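What follows is one structure encoded as structure tokens, with my remarks underneath.
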Amino acid sequence: MTRLQTNLPGLSMKNPIMPASGCFGFGEEFAKLYDLNQLGAIALKATTNHPRFGNATPRVAETPAGMLNAIGLQNPGLEKVISEKLSWLETYDTPLLANIAGTTMEDYEEVAANLSETNQVGALELNISCPNVKEGGIAFGTDPELAAELTRRVKAVSTCPVYVKLSPNVTDITLLARAVERAGADGLSMINTLSGMKIEIHSGKPLLANESGGLSGPAIKPIAIRMIYEVRKQTELPIIGMGGISTLDDVIEFMIAGADAVAVGTANFTNPFICPELIDELEDWVKVKGLENIQELRQKGVNSF
Numbered sequence: 001m002t003r004l005q006t007n008l009p010g011l012s013m014k015n016p017i018m019p020a021s022g023c024f025g026f027g028e029e030f031a032k033l034y035d036l037n038q039l040g041a042i043a044l045k046a047t048t049n050h051p052r053f054g055n056a057t058p059r060v061a062e063t064p065a066g067m068l069n070a071i072g073l074q075n076p077g078l079e080k081v082i083s084e085k086l087s088w089l090e091t092y093d094t095p096l097l098a099n100i101a102g103t104t105m106e107d108y109e110e111v112a113a114n115l116s117e118t119n120q121v122g123a124l125e126l127n128i129s130c131p132n133v134k135e136g137g138i139a140f141g142t143d144p145e146l147a148a149e150l151t152r153r154v155k156a157v158s159t160c161p162v163y164v165k166l167s168p169n170v171t172d173i174t175l176l177a178r179a180v181e182r183a184g185a186d187g188l189s190m191i192n193t194l195s196g197m198k199i200e201i202h203s204g205k206p207l208l209a210n211e212s213g214g215l216s217g218p219a220i221k222p223i224a225i226r227m228i229y230e231v232r233k234q235t236e237l238p239i240i241g242m243g244g245i246s247t248l249d250d251v252i253e254f255m256i257a258g259a260d261a262v263a264v265g266t267a268n269f270t271n272p273f274i275c276p277e278l279i280d281e282l283e284d285w286v287k288v289k290g291l292e293n294i295q296e297l298r299q300k301g302v303n304s305f
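Listed below in structure tokens is the structure:
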């Protein structure tokens with residue numbers, strides 16, 4: 001066991017760093033650049049029961065401190081994810097966190113039941129916080145009662161641990177965290193993107209065809225840190241932290257706030273090598289600091305709350 005070894009429900013990770021769902025696809029493009037076995041885990045692109053083309057274009061826009069996107073959960077659907085994507089990923093010794101989405105609770109149940117029965121998937125990530133779809137998604141993620149009911153139903157049909165990805169587009173994220181914990185969630189992923197908009201000043205119309213989208217990148221990091229800090233004070237559930245991570249200092253800050261592992265999102269688009277670089281930097285940092293294991297860092301932060 002190395003100093004970076006991180007053990008979460010369903011995910012035995014060589015290190016606490018993984019690419020975030022939606023920013024890494026299913027890994028094929030990145031596998032041409034580096035060995036995916038270096039990653040702590042891989043959070044897969046959201047999978048729905050049937051294929052989704054996603055929203056109309058344009059659906060991505062740059063902002064001064066991040067990215068605005070309204071992809072709309074584009075994916076090839078459950079059948080092809082299992083037959084093509086998971087079969088390809090089977091060659092890697094890296095645990096998979098399968099992000100699942102749907103428009104109805106029955107959709108989530110069917111995707112969860114099928115993916116959790118595969119040998120490749122170590123855990124599920126329940127996507128109830130995508131701000132870019134008009135049905136399902138955010139509707140479940142902003143109502144604690146609906147989020148809890150969906151968590152219970154997915155847990156009932158799943159044979160592997162279930163993490164719930166929380167939305168920051170709420171007044172009090174701790175209400176959602178406590179609700180899904182009571183419903184049996186095995187862990188939390190937080191935060192998803194914040195709802196935002198960009199106006200094209202010459203036309204006077206929203207730049208994105210979907211009008212609004214999800215803001216990610218450095219702009220949302222302070223919000224993510226605050227929300228993880230607040231949730232960590234109220235639960236012992238494992239937390240996978242994300243939201244604007246692009247440097248080693250960011251990784252350390254998230255873990256001090258209470259994250260057990262971290263996911264890197266938008267930074268993959270500007271530096272496709274960001275994940276292996278952060279892993280190397282974190283390993284060196286832990287040695288310099290004389291930590292026996294990476295969880296000492298998180299515990300030190302939590303003890304200071």
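Its first residue numbered 1, the sequence shown is counted upward by one per residue in the UniProt record's numbering.
Yeah, the Cβ is synthetic: ideal placement off N, Cα and C, and Gly gets one too.
It should be emphasised that the depicted structure is a prediction, and the values quoted were computed from it without experimental measurement.
Of the candidates LYS233, PRO276, ARG232 and ILE225, the residue whose Cα lies closest to the Cα of ILE252 is ILE225.
With a contact defined as Cβ atoms closer than 8 Å, ASN37 and ILE279 miss out at about 11 Å. Shown here, THR159 sits in coil according to DSSP, grouped into three states, outside any helix or strand. By the neighbour-count definition (other C-beta atoms within 10 Å, threshold 16), PRO64 is an exposed residue.
Rounded to the nearest angstrom, the Cβ distance from ILE239 to GLY301 is 12 Å, too far for a contact under 8 Å. Here PRO222 is exposed, its C-beta having fewer than 16 other C-beta atoms within 10 Å. Considering only GLY217, THR171 and ALA56, the residue with the shortest C-alpha distance to GLY66 is GLY217. Closest in C-alpha terms to LEU208, from the list PHE24, VAL60 and LEU237, comes VAL60. Under the DSSP assignment, ILE223 falls in the alpha helix (DSSP H) whose first and last residues are 221–232. Taking GLN74 as the centre and dropping the five residues before and after it, the same chain places the C-beta of ARG52, PHE53 and GLY54 closer than 7 Å to its C-beta, in chain order. When the five nearest sequence neighbours on each side are left out, the beta carbons in the same chain lying within less than 7 Å of the beta carbon of GLU110 are those of ASN49, in order along the chain.
Beta-bridge pairing by DSSP links LEU33 to no other residue. In the displayed model, LYS85 falls within a helix according to three-state DSSP. Residue pairing by DSSP puts ASN99 in a beta bridge opposite GLU125.
Restricting attention to ALA46, ILE71, MET255 and THR2, the CA atom closest to the CA of GLY213 is found in ILE71. Put simply, the backbone Cα of LYS165 is about 34 Å away from that of GLY204.
Assignment of ILE191 by DSSP, reduced to helix, strand and coil, places it in the coil class.
Boundaries of the alpha helix (DSSP H) around ALA177: 173–182. In the three-state reduction of the DSSP assignment, ARG52 falls in the strand class. When GLN295, VAL264 and THR235 are compared, the shortest CA-CA separation from THR247 is found for VAL264. For the pair SER195 and PRO161, the Cα-to-Cα distance works out to about 28 Å. If you look at VAL60, you'll find it in the beta strand (DSSP E) that goes 60–63. Nearest in C-alpha terms to ILE228, of all of THR151, ILE128, GLY241 and ASP143, is GLY241.
Using a C-beta cut-off of 8 Å, the stretch 76–93 makes no contact with the stretch 142–156, since fewer than three inter-stretch Cβ pairs fall below that distance.
Assigned with DSSP and collapsed to three states, PRO144 falls in helix. Cβ-Cβ distances below 8 Å link ALA56 to ALA209 and ASN210 in the same chain, with the five nearest sequence neighbours on each side left out; the list follows chain order.
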